[in-house]
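Be aware that the sequence shown starts at 1, since it is given in UniProt numbering, and climbs by one per residue.
Using N, Cα and C, we set each Cβ at its ideal position, and we do this for glycine too.
These numbers were taken from a predicted model, which means no experiment stands behind them.
Down below is the structure, laid out as structure tokens.
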Amino acid sequence: MDKLNIATKGALSLVFIIAFAAVVLYILNNNLSSKELGLDGRVLIYAFVFLIGGIALFYFGFKWLRAKLLIESIPTSKIRSLAMGIVEVFGEVIPAEDKLLRSPFTNKDCVYYEYSIQERRGSGKNSRWVTIRHDKNFYHFFVEDETGEVLVDPDGANIDIPFTFTYNSGLFKDPPKEVQNFLKSEGLSFEGFFGINKTMKFEEKALVPNKKVYIMGEAGDNPFVEEATSQKGVKDVMIQKGKNEKFFYISTKPEKEVLKGMGLKAYVGIALGILFIVGSLIVIFAFFNFL
């Protein structure tokens with residue numbers, strides 16, 4: 001892992017040096033000035049915004065690239081042969097001691113759920129979606145393959161699962177009864193003045209039993225050994241967020257799809273980040289007549 005961190009930091013430094021050199025050479029070769037470019041204060045503000053956005057895109061792009069390289073470097077393990085440290089497993093979700101949650105909007109049995117409630121506020125060009133409630137909940141669960149099962153603590157994981165429920169309510173369109181009941185229990189209402197429906201959006205994700213999941217995390221000591229009693233199980237191991245390697249990922253996609261998605265986000269983020277950084281630095285340097 002240390003080699004991966006050193007390589008990532010080295011690549012980041014190299015790209016920033018190349019970007020800075022490209023800006024300097026461009027300005028020197030073209031003898032640019034703020035007058036020639038017709039720049040004013042607003043353009044400078046936009047340039048700084050794009051610079052910050054470019055740095056963020058570049059950072060997250062490299063973060064996803066590092067995650068992709070990490071996944072590629074770790075082989076998928078059979079649960080029976082798990083060793084302590086970073087592991088990668090693929091199997092079926094099994095509730096621990098029949099501990100199940102109920103998802104808020106669809107009342108599905110699950111070991112994890114996440115939901116959001118958004119409301120459309122304002123009008124015309126000033127209208128926007130405002131999140132008025134967002135929450136998640138989980139229980140520990142087992143993941144099982146043909147060789148055994150191991151306990152998973154999903155706390156702190158990046159849980160990549162699709163929405164299992166989405167619904168938009170509005171004028172003459174009430175939310176489903178289950179959603180209305182949940183809103184009432186939370187002290188919220190889908191109606192505004194004079195009983196007119198608000199424009200709202202409801203989204204829910206749920207990880208249900210027997211669903212296939214891909215997991216990468218740290219196999220460490222199991223503090224609930226008595227909960228992991230199984231003839232085939234790994235009694236003293238629990239997959240969790242690591243103390244050293246913080247990458248902890250749970251997805252309902254197979255590994256190939258996970259890698260494809262991470263690769264796309266990584267390369268797009270890095271490419272757009274470099275483009276925004278170089279472009280904004282050219283504008284900033286030209287505005288202040290540097291060099």
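Proximal residues to residue i (C-beta, below 6 Å), its chain only, five neighbours per side dropped
| i | result |
| --- | --- |
| T147 | K78, I79 and R80 |
| G269 | L57, F60 and G61 |
| F276 | F50, G53 and G54 |
| A157 | F248 and I250 |
| K136 | E114 |
| G233 | No answer about G233 holds up, because its pLDDT of 46 lies below 50 and its placement is not dependable. |
| V237 | L82, V150, A219 and N222 |
CB of residue i within 7 Å of CB of residue j, strictly
| i | j | result |
| --- | --- | --- |
| I132 | F202 | no |
| H140 | A96 | yes |
| Y115 | F138 | no |
| F190 | P176 | no |
| V87 | V213 | no |
| E119 | V130 | yes |
DSSP state of residue i mapped onto helix, strand, coil
| i | result |
| --- | --- |
| T229 | Here the model assigns T229 a pLDDT of 48, short of 50, so the residue's position is not dependable and the matter cannot be decided. |
| G273 | helix |
| K169 | Lys is not the amino acid found at residue 169; the sequence shown has Ser there. If DSSP states are grouped into helix, strand and coil, S169 belongs with the strands. |
| A157 | coil |
| D236 | coil |
| K184 | helix |
| D103 | According to the sequence as given, residue 103 is Ser; it is not Asp. DSSP places S103 in coil when its eight states are reduced to three. |
| K265 | helix |
| Y46 | helix |
| D174 | coil |
| Y59 | helix |
| S81 | helix |
| V179 | helix |
| V150 | strand |
| I74 | coil |
| I117 | strand |
| V89 | strand |
| G195 | helix |
| E245 | coil |
| N210 | coil |
| G54 | helix |
Local Cβ density within 10 Å of residue i, reported as buried at 16 or more and exposed below that
| i | result |
| --- | --- |
| M84 | exposed |
| R66 | buried |
| E186 | exposed |
| Y46 | exposed |
| E149 | buried |
| F165 | buried |
| L57 | buried |
| S251 | buried |
| F62 | buried |
| P104 | buried |
| A219 | buried |
| G195 | exposed |
| N126 | exposed |
| F48 | exposed |
| G273 | buried |
CA-to-CA distance, residue j to residue i, given in whole angstroms
| i | j | result |
| --- | --- | --- |
| P209 | G91 | 11 Å |
| Y267 | S280 | 20 Å |
| residue 333 | L188 | Outside the shown range of the chain, which is 1 to 291, sits residue 333, and nothing can be said about it. |
| D153 | F224 | 11 Å |
| N107 | E204 | 11 Å |
| I74 | F247 | 13 Å |
| Q231 | D160 | With a pLDDT of 44 at Q231, under the threshold of 50, the predicted position of this residue should be treated as unreliable, though the coordinate-derived value follows. About 30 Å. |
| H134 | L100 | 20 Å |
| E255 | K211 | 15 Å |
| G124 | F182 | 30 Å |
| K243 | G217 | 10 Å |
| E257 | E245 | 22 Å |
| A271 | V278 | 11 Å |
Any chain B beta carbon closer than 7 Å to residue i
| i | result |
| --- | --- |
| L70 | Absent from the structure is chain B; it holds one protein chain and no more. |
Beta-carbon proximity list for residue i, same chain, < 7 Å, skipping 5 on both sides
| i | result |
| --- | --- |
| G192 | K198 |
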